[in-house]
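Protein chains in written order, with the numbering used here: chain U, 25 to 389; chain D, 30 to 377.
Reading through the structure tokens given below for one structure.
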């Protein structure tokens, strides 16, 4: 007796376009997806638990290994949490360097998003163009701190090393050439009819749903909600810079993709201003040799390239955190994925996932 | 030049006279010449595939601003040969739950129709392996056989990704065969023959791309879809289906699929040249050189498209085929018919 049975398609953790070790089980009806289920945890390293056995400065390298594409911002978020709790004054120059590094990191991360979005739709050539540009940013990082991916560059009270002499001209050159290079991507990919057909109107995230799921960052702003930690609760010295908050209103894959370009443009503006007004002086403030934080708790958040990144720190007065919780934007953003992907084709599931831009190192922690 | 022009024809003639000297019966002489021809074609296919794989990687590298293969031999030309040896040496893996016979049969069954296409193509002046009077009809009927083997590969692998890929192939190939055939019919109407040699002869003065530009564009699009090449490479669908129908295949079985893709690509380009670009017609150079020059030009076009376009979505693909290409090719047929009638009327 023939009978029908639902097909469950297991995507990941080894799959070309799940951005690492994400796994989802999709129930397709022909090519249409009727149900998506998230499974995470394949990259779980217990970073939050590790924090409890490390002294405060020792934990900085672990923040690199959460979102490895945007690690400068993670460094910054963590050290600022400690500084806020201890009330450490950070020298002006260090603040400016931090902003430059964080914004460069943001551009690098968005470039990876654009690249993976292109390659997930099989526009393989754009991957190389975006990575060529990202390479230049990594060169800048290497110049400054000797590392290309996991920097541990920011220290409690400042940064590890001063900018080398050749950094500023190289950085200016990169910023000046950047818009033209991005035009190449626009010409080859953004204007392509197939690309537009595969992203416009696909995976629409309505603003109320985005807020209900706690989505932040570019994904939220592409749905028309103007929320950015840099603007709404300025930290570091972001209130000194003149930059716009790009917002788009359709909330589809195409808007999420384009919003990254808008953000990169604004990041370039911030870097330019920071380079112009970079003061001379110390790069590290006065910090006690042994960092002990008085009992208490604090929540500090910064804007990473994926959204609002929060550190919740509980201290019991010792030199190690009692509990450190990280509010990872990718983790929260992934929650909306099953809801978004439902009802679209299998190919759209891939483009929706790419447009949400999760980093699994941070989702699983 | 004259020597080069008649090179292959003379070799065949030489073989014939040599064997006649050994006083062999006529039927055996013809058989041996046929086998020689088959060996030559298979050799051509393999050499072509090696060059094309290398060329594809070089073109991809050029578009993506990277060097491409550059280690083995000058500009990495021996890379493909090394890869072939690697593939030959690989362990032959058949998944436990696969339908063994279907799984085993699929790769050769993809490859065989691809070779069979070469039988009727006029490679140069007097260089048609088999001068069939229904050549074009033969080409398309053979080409559609390939669909079956993709379905066999998808079903036999017992893998969900393969199955999805196999289903996509069938849908795609059946939908795009119709505009492919309809686009070619315009040429057939003008020439009044299905024989590929006649079609080439008819283009002595003017290439059919000038008379039938719309048909050529439809042919090119539909042929790209038939070849499963980007932006229509849905059966493979690397990003969503891992490797689609090829997921469970490895080693030489997988290489056969790959070889078939390139063989088909050359055949499709060869048919395009025969139908629209005047076949082997061309000044100065020997006819077969012209033929391959044109074929490689079209292949270059296929490759550039593949490396610059994103993949189309499966339902858009269907809509494009049924709602746009088929009506367009029908309109082209109508226009061609009217044009022919007007031409006849003017000529009296």
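Ideal Cβ positions, reconstructed from N, Cα and C, are used throughout, including at glycine.
For residue i: DSSP bridge partner residues
i: residue 308 of chain U; result: U:182
i: residue 320 of chain U; result: U:339
i: residue 325 of chain U; result: U:334
i: residue 345 of chain U; result: U:339
i: residue 57 of chain U; result: U:52
i: residue 47 of chain U; result: U:63
i: residue 373 of chain D; result: Note: residue 373 of chain D sits in no beta bridge, so no partner.
i: residue 351 of chain U; result: U:334
Coil, strand or helix - residue i by DSSP
i: residue 229 of chain U; result: coil
i: residue 52 of chain U; result: strand
i: residue 35 of chain U; result: strand
i: residue 76 of chain U; result: coil
i: residue 109 of chain D; result: helix
i: residue 159 of chain D; result: coil
i: residue 103 of chain U; result: helix
i: residue 383 of chain U; result: coil
i: residue 253 of chain U; result: helix
i: residue 361 of chain D; result: helix
i: residue 369 of chain U; result: strand
i: residue 357 of chain U; result: helix
i: residue 130 of chain D; result: helix
i: residue 29 of chain U; result: coil
i: residue 185 of chain D; result: helix
i: residue 88 of chain U; result: helix
i: residue 112 of chain U; result: coil
i: residue 151 of chain D; result: coil
i: residue 122 of chain D; result: coil
i: residue 178 of chain D; result: helix
i: residue 142 of chain D; result: helix
Proximity to residue i [Cα-Cα], best of the options
i: residue 37 of chain U; options: U:57, U:290 and U:62; result: U:62
i: residue 278 of chain D; options: D:187, D:95, D:63 and D:74; result: D:187
i: residue 147 of chain U; options: D:332, D:125, D:62 and D:336; result: D:336
i: residue 152 of chain D; options: D:362, D:359 and D:304; result: D:304
i: residue 156 of chain D; options: D:93, D:226, D:125 and D:167; result: D:226
i: residue 372 of chain D; options: D:289, D:218, D:322 and D:106; result: D:218
i: residue 134 of chain U; options: U:79, U:286, U:214 and U:320; result: U:286
i: residue 350 of chain D; options: D:70, D:208, D:119 and D:326; result: D:208
i: residue 238 of chain D; options: D:347, D:292, D:202 and D:301; result: D:301
i: residue 367 of chain U; options: U:53, U:190 and U:41; result: U:53
i: residue 41 of chain D; options: D:193, D:99, D:63 and D:150; result: D:63
i: residue 365 of chain D; options: D:246, D:328, D:342 and D:214; result: D:214
i: residue 91 of chain D; options: D:333, D:377 and D:112; result: D:333
i: residue 116 of chain D; options: D:189, D:124, D:282 and D:86; result: D:282
i: residue 271 of chain D; options: U:40, U:25, U:72 and U:34; result: U:40
i: residue 182 of chain U; options: U:192, U:108 and U:223; result: U:108
i: residue 384 of chain U; options: U:33, U:44 and U:197; result: U:44
Distance CB(residue i)-CB(residue j) smaller than 7 angstroms
i: residue 161 of chain U; j: residue 132 of chain U; result: yes
i: residue 66 of chain U; j: residue 87 of chain U; result: no
i: residue 158 of chain D; j: residue 307 of chain D; result: no
i: residue 259 of chain D; j: residue 205 of chain D; result: no
i: residue 55 of chain U; j: residue 370 of chain U; result: yes
i: residue 97 of chain U; j: residue 354 of chain U; result: no
i: residue 326 of chain U; j: residue 100 of chain U; result: yes
i: residue 246 of chain U; j: residue 283 of chain U; result: yes
i: residue 194 of chain D; j: residue 311 of chain D; result: no
i: residue 139 of chain U; j: residue 155 of chain U; result: yes
i: residue 309 of chain U; j: residue 115 of chain U; result: yes
i: residue 351 of chain U; j: residue 334 of chain U; result: yes
i: residue 127 of chain U; j: residue 294 of chain U; result: yes
i: residue 224 of chain D; j: residue 256 of chain D; result: no
i: residue 139 of chain D; j: residue 185 of chain D; result: no
i: residue 219 of chain U; j: residue 213 of chain U; result: yes
i: residue 296 of chain D; j: residue 146 of chain D; result: yes
i: residue 344 of chain U; j: residue 79 of chain U; result: yes
i: residue 120 of chain U; j: residue 269 of chain U; result: no
Give, in chain order, every unbroken run of the alpha helix (DSSP H) that is at least 4 residues long and sits entirely within the stretch 60-88 of chain D. none
Go through the stretch 267-300 of chain U residue by residue and report every complete run of the alpha helix (DSSP H) that reaches 4 residues or more, in order. 277-300
Taking only runs that begin and end inside the stretch 127-180 of chain U, name each unbroken alpha helix (DSSP H) of 4 or more residues, in chain order. 148-169
Runs of 3 residues minimum, wholly inside the stretch 313-355 of chain D: which ones carry the beta strand (DSSP E) assignment? none
Kindly provide the ranges of any alpha helix (DSSP H) runs that are 4 or more residues long and lie completely inside the stretch 204-251 of chain U, ordered along the chain. Scanning the stretch 204-251 of chain U for uninterrupted alpha helix (DSSP H) segments of 4 residues or longer gives 217-223, 231-236 and 242-245, listed from N- to C-terminal end.
Hey, which unbroken runs of the alpha helix (DSSP H) at 4 residues or more fall wholly within the stretch 229-286 of chain D? 237-240, 242-255 and 267-270
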